[in-house]
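Numbering (this note's numbering), first residue to last: 114 to 803. Just so it is clear, CB atoms sit at the ideal spot from N, CA and C, and this is done for glycine as well. Working notes, structure below.
Quick look at the structure:
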């Protein structure tokens, strides 16, 4: 094997400018190829130069990788060669004239002939992956999730109330600091994935705060018990110790490692430090300490006992690898001789930052589109799972024989009851007009959730896929069983009219379709909640606990009654907006006296309600209103069948958005023959459409 080399090295003015950095993806690719060769070849890349260890790769393979990564090929190769990270080599493999000689042994197993190779030099492994900093001022980078959480944690006021004696003041400071550190760890969980250093820093703060809280509480525990009332400080200690057990200092010793620990924090964090009657932990703690009389005569207040000291993070500014956060005016660790200054209430949170645990918004599925989507997914999936589990309580059939309508009255009655329960939940989630509208109920849910995530600045490809899967699942589950729809996860599969195949247990196949749908819903729900939390939203602990109802067994007892499930479904209805100047307009029309949702045959009738009147997507609302107008016009005058007649019918000023709405969403308008013809008419008559 021989190589062609230039007779003389090029002059400095002939060399291309050296590159200042190597993209991270390219450097990782070169590093992987270099380290994969245990014995790099010794190669002389320039005349009179010492051979150096290099690893060869085929030039077509390297060029294909750069083109796939969107790298400008020729300028990048010249710059990287000038920087000394790679070298361009042409090798010629010639067969030997000696018939007894072995074939050329080359790493790349190249055939005889001329080949172009790329030599990866050792310097490529240490190349910088970012351009050097320039002297020009740059835009300040946006704060990361951990930085925003640190800033919010620093805003929690941990100073004791005025007038407490030293022991109570120290106990309050220790409790507030422990609450602050626990809150910081819980709310930082979404950003701790694969970040062991940040996790250890936050977990160490929780452990130090727990160690300081226990002796401080022991010193005042008897006094707090004698004062009576809820023992808020003891409840806080229990929650701190629970979180300490879920957050080990060394996550590598736990099964699953760091990511399993972070997942546990994300799952169990919302069950700690809960509100009671709308009041957070620190407010309830101040109420508990208000039972003690103030120190007479304005005596000095100590925030700590003499000789003892709270952790260093309780007296200093928050220090983290992300930069300093807002400082805390906490006096702890030594006695102070002056009065404690009045507390300054923390300012409002920075716009766009996720809320802290003690200031979390309410769960409003009737107003928040993302909350509504999660609530619809929950109630329909739980209703399906309940239908599946309750079916096993029905009377058993004779093996291998179909149901006898006369001898299996209990089975049919039970099946009808289960259907009625499910259909009541379905009708509470979605009305008949919404399920039959263009695009279905799922299109409306998708439009609303997309608008909300866009407002939060978190509308990326992963979120779009998750929202689309959730809206599609709900749309299939609530869709009416009409001809042409196809199989959907609805509980009509239980209508047994054929003999059971031999060797196949009845209860294993009767509701297989519904059970697979519930498993898919659980997966979609997890991804949707994760997207909401990463966007800065909050999911309460009781909503997270509904995940257990996806797999709970109804064999012994009912974890949720049909009425409770129906009440959750009705929360997804958006109240109609009140008219201007009419603040007393009811949010829902009451059912007339004597009217019941049950028909004469005992089945649940579908009670029509107005479509969602409040949405973040005006396009989705206009499309549904247009479809209802077209249906009403055709029902009123069946002669309106041609496109021209329909267009003429909607030429009034009240229907000015008719053609614009048709042109807006081609995906939806192409689903029926009428809309395809109407769209064609719009394209053929641009003047009339304008």
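Put simply, the region 338–350 does not touch the region 268–280. Fewer than three CB pairs are less than 8 Å apart.
Along the length of the region 316–385, whole alpha helix (DSSP H) runs at least 4 residues long occupy 345–359 and 370–381, reported in chain order. Assigned with DSSP and collapsed to three states, residue 562 falls in helix.
Fewer than three beta-carbon pairs drawn from the region 176–189 and the region 145–162 are found closer than 8 Å, and the two stretches are therefore not classed as touching. Taking 8 Å as the cut-off, the beta carbon of residue 277 is found closer than this to the beta carbon of residue 402.
Assignment of beta-bridge partners to residue 166 by DSSP yields 155. Nearest neighbour of residue 404 by Cα position, chosen from 244, 225 and 340, turns out to be 340. When C-alpha distances from residue 311 are compared across 488, 677 and 363, the shortest belongs to 363. Its chain contains no residue whose beta carbon lies nearer than 6 Å to that of residue 177 once the 5 sequence neighbours on both sides are disregarded. By the neighbour-count definition (other C-beta atoms within 10 Å, threshold 16), residue 664 is an exposed residue. Residue state for residue 498 is assigned as helix, using DSSP reduced to three classes. Excluding five sequence positions before and after residue 228, the CB atoms of its chain that fall closer than 6 Å to its own CB belong to 204, given in chain order. Checking the DSSP bridge columns, you'll see residue 230 partnered with 171 and 202. Apart from the 5 residues on each side of it in sequence, residue 576 sits with its Cβ closer than 8 Å to the Cβ of 566, 644 and 648 in its chain, given in chain order. Counting along the chain, the unbroken alpha helix (DSSP H) around residue 298 starts and ends at 279–300.
Here residue 659 really is in contact with residue 491; their C-beta atoms are around 5 Å apart, less than 8 Å. Note that the C-beta distance between residue 139 and residue 154 is not below 8 Å. When DSSP states are grouped into helix, strand and coil, residue 652 belongs to the coil group. In this structure, the beta-carbon distance from residue 486 to residue 583 falls below 8 Å. Residue pairing from DSSP places residue 392 in a beta bridge opposite 389. With contacts defined as CB atoms closer than 8 Å, residue 585 and residue 564 fail to qualify as a contacting pair. In the structure shown, residue 588 adopts helical secondary structure according to DSSP, grouped into three states. Around residue 305, the same chain offers 311, 312 and 375 as residues with beta carbons nearer than 7 Å, after the five sequence neighbours per side are excluded. Residue 171 has its alpha-carbon roughly 14 Å from the corresponding atom of residue 206. Contact between residue 346 and residue 288 is confirmed by a C-beta separation of about 5 Å, below the 8 Å threshold. Closest option to residue 337, judged by alpha-carbon separation, among 377, 367 and 285: 285. Assignment of residue 134 by DSSP, reduced to helix, strand and coil, places it in the coil class.
Pairing residue 479 with residue 141 gives a Cβ-Cβ distance that is not under 8 Å. With a threshold of 16 other beta carbon atoms within 10 Å, residue 544 meets it and is buried. The three-state secondary structure of residue 188, taken from DSSP, is helix. Using a Cβ distance threshold of 8 Å, residue 237 and residue 169 do not count as a contacting pair.
For the pair residue 542 and residue 678, the CB atoms are not nearer than the 8 Å cut-off.
Residue state for residue 579 is assigned as helix, using DSSP reduced to three classes. Looking from the CA of residue 568, the closest CA among 501, 481 and 503 belongs to 481. Within the model, the alpha-carbon separation for residue 321 versus residue 329 is close to 13 Å.
Going by beta carbons, residue 241 and residue 399 fall outside the 8 Å limit.
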